[in-house]
Amino acid sequence: MPASSWTEGECLTGGHKLAYVRTGGNLPPVVLLHGFTEDRSTWFELAGSLEYDYDLIMPDMLGHGKSDRLIPGSAPTLVQDLADLIAGLGLQKFALLGHSLGALTAAQFASQYPGSTACLILEDIPWFEPTALPAIPQDAYSAANPTIIAQLASGDLAQALAYCTQHFPRWNASARRAWAESKLHFDTAWFKQAPQQQSDWREMSARFNFPALLISGENKLGSLISAGFAQTALKTIPHLEWARVPGAGHYIHYDAPGPFFSTVKTFLRMQYPSKKG
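The numbering of the sequence shown is my numbering, which starts it at 71 and goes up by one.
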């Protein structure tokens, strides 16, 4: 962990263990959810820039990082796992930030528990209009390729780092290492036991009664959110803001960490100010 003051913990959810890292302090809590095949370390750089203003909780999803492996024949229950973690930590109201699958989980949780959600930040959430899918280069999604991920998961750190450096040369060393190490701790059973996720974004967002921020990159670089979809979402979801980060693809916090961090900080400062601020 980057800071000696951060603590690691475990929480039992549905009979299995979820691991998490927490920055701590008597500060407003923010729960950060990583994407598919990632783990809590994806947020360490962002957490380092926010830890003096917020209490950041970064769990590993089931089958990721230091959390338990999948139960054979049973699909993960991501929203219930998150609800159990929140209850176990005694959190009453908090901000949620998620990337990709983590963003989808955060949005589903916020839809079911709007009273617990102070605000919501969605980084490149997989929301689409079925009739207007964005044009996205397929090579941007190695994290969803079972063959590639299985090879990396069964290999070593040097192999995963080499792959990451080749395919994501613009990332800094910290980002490459976080991405590579997470692949070594990913349970490839996910590809056979993935949960059925609610995909109707209109239905999901109908209960949003809190400030929300949608962050996207460029479709040509791999971002899932098109400008057309974002405009539709802005007209549909009350209290929604949209930020588009030039030069970023699907991994906005890795592709353009400076602009991403600034966007997140500005939104939190306005919608969920720290007690110190």
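Ideal Cβ positions, reconstructed from N, Cα and C, are used throughout, including at glycine. Every value quoted in this text rests on a predicted model; they were computed, and no experiment measured them.
- Taking a 10 Å sphere around the C-beta of residue 253, we find 16 or more other C-beta atoms and assign the residue as buried.
- For residue 310, the CB contacts under 7 Å within the same chain, skipping 5 residues up- and downstream, are 282, 284, 303 and 304 in chain order.
- Boundaries cannot be given for residue 290, as no beta strand (DSSP E) includes it and DSSP labels it neither H nor E.
- The C-alpha of residue 247 is placed about 8 Å away from the C-alpha of residue 234.
- Contact between residue 219 and residue 107 holds: their C-beta atoms lie close to 6 Å from each other, under 8 Å.
- With a cut-off of 8 Å on Cβ pairs, the region 327–345 is not in contact with the region 127–143, counting fewer than three such pairs.
- If you check the CB distance, residue 296 and residue 314 do not come in under 7 Å.
- Exposure of residue 122 is indicated by the presence of fewer than 16 other C-beta atoms within 10 angstroms of its C-beta.
- Excluding five sequence positions before and after residue 175, the CB atoms of its chain that fall closer than 7 Å to its own CB belong to 103, 148, 149, 152 and 168, given in chain order.
- Listed as beta-bridge partners of residue 90 by DSSP are 79 and 129.
- Each residue's CA atom was taken as its position, placing residue 279 and residue 308 some 7 Å apart.
- In the structure shown, the three-state DSSP call for residue 115 is helix.
- Inter-residue distance for residue 231 and residue 171 is about 23 Å (C-alpha atoms, whole angstroms).
- Of the residues assessed, residue 242 falls on the exposed side of the cut-off, its CB having fewer than 16 other CB atoms within 10 angstroms.
- Judged by their CB atoms, residue 76 and residue 197 are not nearer to each other than the 7 Å cut-off.
- Beta-bridge analysis with DSSP links residue 191 to 167 and 283.
- Exclusion of the five residues before and after residue 96 leaves no residue of its chain whose Cβ lies closer than 6 Å to its Cβ.
- Selection 195, 82, 251 and 291 evaluated against residue 228 yields 251 as nearest (Cα-Cα).
- Fully contained in the region 235–285 are the following alpha helix (DSSP H) runs of length 4 or more, in chain order: 243–254, 260–263 and 271–275.
- Exposed is the label assigned to residue 74, since fewer than 16 other Cβ atoms lie within 10 Å of its Cβ.
- DSSP, read as helix, strand or coil, puts residue 103 in strand.
- For residue 322 and residue 331, the gap between their C-alpha atoms comes out near 10 Å.
- Each residue's CA atom was taken as its position, placing residue 236 and residue 277 some 42 Å apart.
- The closest CA to that of residue 178, considering only 78, 217, 289 and 274, is found on 274.
- The beta carbons of residue 290 and residue 98 sit about 37 Å from each other, so the pair does not count as a contact at 8 Å.
- Note on geometry: alpha-carbon atoms of residue 81 and residue 267 lie some 23 Å from one another.
- Around the beta carbon of residue 119, fewer than 16 other beta carbons sit within 10 angstroms, so the residue counts as exposed.
- About 7 Å separates the beta carbon of residue 136 from that of residue 255, a gap short enough to meet the 8 Å contact definition.
- Counting other Cβ atoms within 10 Å of its Cβ, residue 157 stays below 16 and is therefore classed as exposed.
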